[in-house]
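This report refers to the structure that appears directly beneath it.
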Amino acid sequence: MSQSETLVTHTTCPYCGVGCGVEVSVQDDKRFIVKGDKSHPANLGRLCSKGAALGETLDLEGRLLHPEIHGEQVSWDHALNKISASFNDIIDKHGPDAIAFYVSGQLLTEDYYVANKLMKGFIGSANIDTNSRLCMSSSVAGHKRAFGSDTVPCSYTDLEIADLVVLTGSNTAWCHPVLFQRLRQAKKNRPQMRIVVIDPRATETCDIADLHLAINAGADITLFNGLLIHLQQAGKADQDFIANHTNDVDACLTSAQTDAASLEQVAKDCGLSPQDTNTFYQWFAETEKTITVYSQGVNQWSCGTDKVNAIINCHLLTGRIGKAGQGPFSFTGQPNAMGGREVGGLANQLAAHMDFSTEHIETVKTFWDAPNIAEQPGLKAVDMFNAIASGQIKAIWIMATNPLVSMPEADTVRQSLEQCELVIVSDCVKRTDTTELADILLPALAWGEKDGTVTNSERRISRQRKFLTEPGEAKADWWIVNEVAKRMGFAEAFDFDSADSIWREHASLSAADNEQQRDFDLSGLQNISKSDYDRLQPVQWPCPGNRNINNDSVQMFENRRFFHADQKARFIPVKSCDDFPKTSIEYPLVMNTGRVRDQWHSMTRTGKVARLSNHFSEPFIEIHPEDAARFLVQENDLVTINSQHGTMHARALVSDKQKKGNVFIPMHWNRMFANGGNVDNLVNAITDPVSGQPQFKHTPVSIQPAAMAWQGFILSNQQPAKLPFSHWVKQKKQQAYRFSIADDKLINDWNSLAKALFPQDGDWIEYHDQSNGYYRAALINNNKLVCCIYIASDNSLPDDQWIDSIFNEETLSPNTRINLLSGQPPVSMAPAGKTICACFNVGLNTIKEAIVNQKLTTTDQIGELLKAGTNCGSCLPELKEILKTAGK
Ligand code: SF4
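In short: position in the sequence shown from 1, add 17, done, that's this note's numbering.
Below is the structure:
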């Protein structure tokens with residue numbers, strides 16, 4: 018191949034449930050160009066800031082490349098033999114339920130399939146659960162109660178043709194950014210389209226909202242029960258549909274009435290004005306083409322399943338389901354949460370959308386020729402880690418996930434794993450909070466190296482294709498499980514030799530005894546050849562044998578047939594819930610957790626990218642100005658947050674977009690990036706009784722300013738072996754790492770401490786004003802900057818961006834040395850400020866300056882001048898806010 022030629026691979030983004038198609042060009046010089054795939058129906062060429070930065074996450078820094086047992090590198094044979102022998106031994110002594118798998122929406126469907134088959138079919142336990150339990154299991158449970166199947170009825174194209182889109186519990190702008198872009202464009206094309214956002218916070222999603230309902234945390238059931246009654250009273254019930262295709266409407270209406278005595282009462286209980294509540298109800302009533310989107314803000318509650326059904330009930334009453342531009346639409350969090358649901362990765366599912374009914378057990382047992390099939394559901398995530406703590410589970414295999422960061426009461430989960438007899442972790446990253454507790458570490462392939470399929474939020478199956486060679490001894494997750502299964506004595510059932518061979522079996526199982534009795538049907542793809550699998554275009558299921566397989570959208574429930582035995586949907590009577598810990602004098606604020614725009618989960622990939630790490634560089638707590646004043650907290654203060662379960666530190670972000678009495682803290686930071694930044698240590702592990710999903714959206718907390726004697730930061734190419742401070746946060750900058758540091762104890766001898774932290778060769782230059790508490794120092798070797806430290810008794814620290822750029826200078830000039838010690842940038846290096854546009858790396862100060870100097874008044878003008886907001890558009894809401902305040 019010539020220097021100018023490139024290879025293009027069509028694959029799928031590994032981050033969120035939108036499932037965007039990605040084109041990766043691998044150039045001869047080994048640079049990777051990542052673009053949105055214009056032919057992919059999910060994104061039509063668009064990408065968000067995270068997807069656009071995928072090419073910068075592909076280096077091998079931090080990768081796990083060899084199997085290890087207790088920190089010692091071993092051969093694959095040794096590791097696999099050890100695991101299989103240990104499993105067989107534990108099963109002999111304690112039975113199959115003493116083993117558990119905790120898997121992940123990051124796994125490909127083929128990986129998931131093999132893991133589920135081994136656990137449920139051959140080990141003989143259903144103790145396999147997925148981290149999707151934490152993000153959408155309430156949607157699964159709600160779908161199954163209403164439809165008799167876990168069916169997402171809508172497609173992305175429905176969003177664009179709807180006349181009313183209700184977004185509830187979904188910060189779509191940041192969590193499903195490409196769908197937000199599609200909605201923004203649809204509204205631009207059809208300004209009459211209305212958008213309602215229901216969220217206690219005024220998130221960036223409100224940028225396109227015609228109405229924002231800042232609902233009291235948890236009051237959704239009351240709001241939707243009130244809507245149900247309103248729709249009934251307004252004569253909007255579809256009597257024909259209800260009579261012929263549903264059950265239990267009367268019980269549901271009676272139940273809803275107890276929450277909805279009057280509009281005024283509903284509005285009061287929800288913390289809304291009667292006018293806004295009525296506007297929402299009227300818009301919903303008068304708009305046939307209505308979609309209700311819901312996400313983690315609905316699912317992550319101890320009554321999440323009831324919330325889902327409260328929404329579905331309104332669509333069933335009006336018959337607005339199974340038609341173009343209408344329906345309830347759950348947005349899933351992870352790239353392959355849906356694939357996990359399809360194979361049976363949840364402990365309460367068997368396989369291929371089959372349950373633990375006698376009939377389904379027989380079907381799967383026969384299909385797998387499974388000697389020892391599990392006959393009842395296994396333990397869901399929270400119960401699974403509790404069972405490890407109680408000694409009931411002796412061995413756990415964690416695949417592609419980081420439960421010590423993501424589980425509620427994460428410190429309790431840590432204690433469980435610390436005492437577990439055998440902890441096996443398969444991961445592509447060597448050091449995570451979870452891998453640190455592994456007895457056996459298994460190196461897995463990462464994105465770009467593995468082959469298989471994922472399913473997105475609209476049931477669309479897409480290929481992930483490899484474009485990189487496998488590094489070190491890393492292997493596909495399915496291969497690892499397959500090898501363990503063979504060694505446990507199940508070689509005949511685990512003779513898979515490729516992802517496509519697994520796919521064919523998975524698709525065939527979906528067809529077994531199906532005859533359109535189950536929604537999930539891939540029979541039209543069960544015999545595809547390897548080359549057809551390699552060429553497989555994005556396709557929505559179901560794919561029955563008689564379907565012409567193409568990438569058209571498929572309307573579910575168009576024929577008004579559901580998957581309960583009588584083929585009717587069910588109204589589920591639900592009532593407002595408040596059976597969870599409330600705020601108190603000791604814990605007076607409600608803490609909500611969620612995502613930020615530019616990070617993904619525990620930051621193992623996005624945390625490597627400087628331009629993604631400069632939007633929010635530290636954990637933060639968003640707090641209403643009146644609450645900030647009440648608790649003596651000022652903007653950017655370091656704050657200590659306590660719940661009954663743990664404590665953490667975060668920077669104050671004072672904002673009237675936050676509802677009074679509520680705070681928001683992002684979920685991403687963990688021990689690899691901060692020593693006190695994991696919010697899930699604080700989250701209460703109470704769960705939904707139906708779905709088992711934990712309540713991440715409501716934990717009572719207290720806050721107070723952190724009593725720090727000093728604060729500062731270090732910039733360095735290398736992480737010191739230890740950071741002996743009560744607070745530190747690591748951030749990737751363009752040239753160096755930044756460590757934000759603080760401590761409640763004064764340090765008298767900074768010079769000695771600096772030398773101990775950075776024992777490298779070189780000369781230290783220093784400025785120390787002990788009386789005012791300032792210390793600045795830089796280590797210079799061969800006229801190049803090695804590291805620098807800035808300490809202040811208050812929060813008056815220099816901007817770090819210009820200092821970071823100095824790491825790039827070949828020779829430090831005398832003036833630069835003076836700049837370094839004074840903390841003052843040269844005039845030519847004015848700080849750009851916090852990154853607003855991650856695609857083009859444009860900072861807040863640059864934007865403000867352009868607005869003032871060039872008299873800009875629109876985001877289009879900012880885009881023309883600075884390019885900000887012209888790629889993924891995720892920063893447009895922030896640009897609008899900056900336009901409002903710049904120059905004032
Ligand atoms: Fe990836 Fe962004 Fe698309 Fe989600 S919206 S799949 S993170 S590019």
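By construction, the Cβ of each residue, glycine as well, lies at the ideal position given by its N, Cα and C atoms. Every value quoted in this text rests on a predicted model; they were computed, and no experiment measured them.
Cross-strand partners of residue i (DSSP beta bridge)
{"i": "N679", "result": "V607"}
{"i": "K492", "result": "A461"}
{"i": "G729", "result": "I758, I808"}
{"i": "Y173", "result": "Paired residue(s): none; Y173 is not in a bridge."}
{"i": "P711", "result": "T704"}
{"i": "Q721", "result": "T657"}
{"i": "K253", "result": "According to DSSP, which records beta bridges pairwise, K253 is partnered with nothing at all."}
{"i": "H229", "result": "V214"}
{"i": "L439", "result": "A412"}
{"i": "G860", "result": "T852"}
{"i": "F346", "result": "V310"}
Assigned exposure category for residue i - 16 Cβ within 10 Å defines buried
{"i": "G886", "result": "buried"}
{"i": "K99", "result": "buried"}
{"i": "R48", "result": "exposed"}
{"i": "P388", "result": "exposed"}
{"i": "H87", "result": "exposed"}
{"i": "I215", "result": "buried"}
{"i": "G10", "result": "Because residue 10 is not part of the residues shown, which for the chain are 18 to 905, the question remains open."}
{"i": "R552", "result": "exposed"}
{"i": "E575", "result": "exposed"}
{"i": "G112", "result": "exposed"}
{"i": "L486", "result": "Rather than Leu, the amino acid found at residue 486 in this sequence is Thr. Exposed."}
{"i": "Q177", "result": "According to the sequence provided, residue 177 is Glu. The question's Gln does not apply to it. By the 10 Å Cβ count, E177 comes out buried."}
{"i": "D456", "result": "buried"}
{"i": "N365", "result": "buried"}
{"i": "K205", "result": "exposed"}
For residue i, the three-state DSSP class (helix, strand or coil)
{"i": "W916", "result": "The structure shown does not extend to residue 916, since the chain is modelled only from 18 to 905, so the question has no answer here."}
{"i": "Y754", "result": "strand"}
{"i": "E783", "result": "strand"}
{"i": "P642", "result": "helix"}
{"i": "T887", "result": "coil"}
{"i": "T664", "result": "strand"}
{"i": "R577", "result": "coil"}
{"i": "L184", "result": "strand"}
{"i": "L107", "result": "In the sequence as presented, Leu is not what sits at residue 107; that position holds Ile. In this structure, I107 counts as helix in the three-state DSSP scheme."}
{"i": "L763", "result": "coil"}
{"i": "R647", "result": "helix"}
{"i": "M371", "result": "strand"}
{"i": "A669", "result": "strand"}
{"i": "A586", "result": "strand"}
{"i": "Q748", "result": "strand"}
{"i": "V626", "result": "coil"}
{"i": "D400", "result": "helix"}
{"i": "N800", "result": "coil"}
{"i": "R535", "result": "coil"}
CB contact below 9 angstroms: residue i versus chain C
{"i": "F402", "result": "Absent here is chain C; the protein component of the structure consists of one chain."}
Check: residue i C-beta below 8 angstroms from any heavy atom of the ligand HEM
{"i": "G465", "result": "The model depicted lacks the ligand HEM and carries the ligand SF4 instead."}
Between the segment 555-565 and the segment 522-541, do three or more beta carbon pairs fall short of 8 angstroms? yes
In chain order, which beta strand (DSSP E) runs of at least 3 residues are fully inside the segment 28-96? 38-44, 49-53
For a minimum of 4 consecutive residues, which ranges assigned as the alpha helix (DSSP H) are wholly contained in the segment 261-329? 266-276, 280-287, 291-303, 313-316
Validate contact between the segment 419-427 and the segment 445-463 using beta carbons, cut 8 angstroms, 3 pairs: yes
Inspect the CB distances between the segment 335-346 and the segment 241-257 and report whether three or more fall short of 8 angstroms. yes
Would you check if there are 3 or more beta carbon pairs closer than 8 angstroms linking the segment 889-898 to the segment 855-867? yes
Within the segment 111-156, note down every full alpha helix (DSSP H) run reaching 4 residues or more, in order along the chain. 126-133
Between the segment 429-443 and the segment 49-56, do three or more beta carbon pairs fall short of 8 angstroms? no
The segment 621-628 contacting the segment 258-278, beta-carbon criterion three pairs below 8 angstroms: no
Determine, using beta-carbon pairs with one atom in the segment 152-172 and one in the segment 511-524, whether at least three such pairs fall under 8 angstroms. no
Using 8 angstroms as the threshold, is the segment 677-695 in touch with the segment 370-387, meaning 3 or more CB pairs across them? no
Pairing CB atoms from the segment 122-134 with CB atoms from the segment 477-494, are three or more of them under 8 angstroms? yes
Three CB pairs or more closer than 8 angstroms across the segment 309-325 and the segment 342-356: yes
Three or more C-beta pairs closer than 8 angstroms, one from the segment 689-700 and one from the segment 631-638: is that the case here? yes
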